[in-house]
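Some notes on the structure that comes next.
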Amino acid sequence: MDSYKRNRHSVYLLTYHVIFVTKYRKKVITDEMGDFMKNHAAYLCGRMDCDLLSAETDRDHMHLLISMAPDVAPVKLINTLKTGLSREVHLRYKEHIEKYLWGDSSPTDIVRRSFLANYS
Numbered sequence: 151m152d153s154y155k156r157n158r159h160s161v162y163l164l165t166y167h168v169i170f171v172t173k174y175r176k177k178v179i180t181d182e183m184g185d186f187m188k189n190h191a192a193y194l195c196g197r198m199d200c201d202l203l204s205a206e207t208d209r210d211h212m213h214l215l216i217s218m219a220p221d222v223a224p225v226k227l228i229n230t231l232k233t234g235l236s237r238e239v240h241l242r243y244k245e246h247i248e249k250y251l252w253g254d255s256s257p258t259d260i261v262r263r264s265f266l267a268n269y270s
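Going by my numbering, the letters in the sequence shown line up with residues 151 to 270, in that order.
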């Protein structure tokens, strides 16, 4: 029973395997981006009183193994991780991500061309 965690009123061992996938399974994640995502996921888990046991990234997805107390709702943790990781990765690696997801055009260029084609 050494691996079990204890609170005042409970003894538990809850681990969750979470997988985040890139949009359209595009192979966007670089080694530098993967390292940043692992570190930021550990930071976010710490803020939610959870432990990040393992984190691995591939070019189009990320695996997380997380241990948390029974009083933390899994959906709240997933929402925090998904929102926090997405926001920070988009801020730090915007040019790289847009290149893979939008090609040579940015989203505003595509909307502008569509508008001009329909109303010119």
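C-beta: ideal position from N, C-alpha, C; glycine also.
TODO: Return the first residue and the last residue of the beta strand (DSSP E) that Asp201 is part of.
DONE: Cys200 to Thr207
- [ ] Would you list the one or two residues that DSSP bridges to Lys155?
- [x] Tyr162
Open item on the list: For Tyr174 and His159, I'd like the C-alpha separation in whole angstroms.
Closed with: 44 Å
TODO: Just grab the DSSP bridge partners of Phe170 for me.
DONE: Met212
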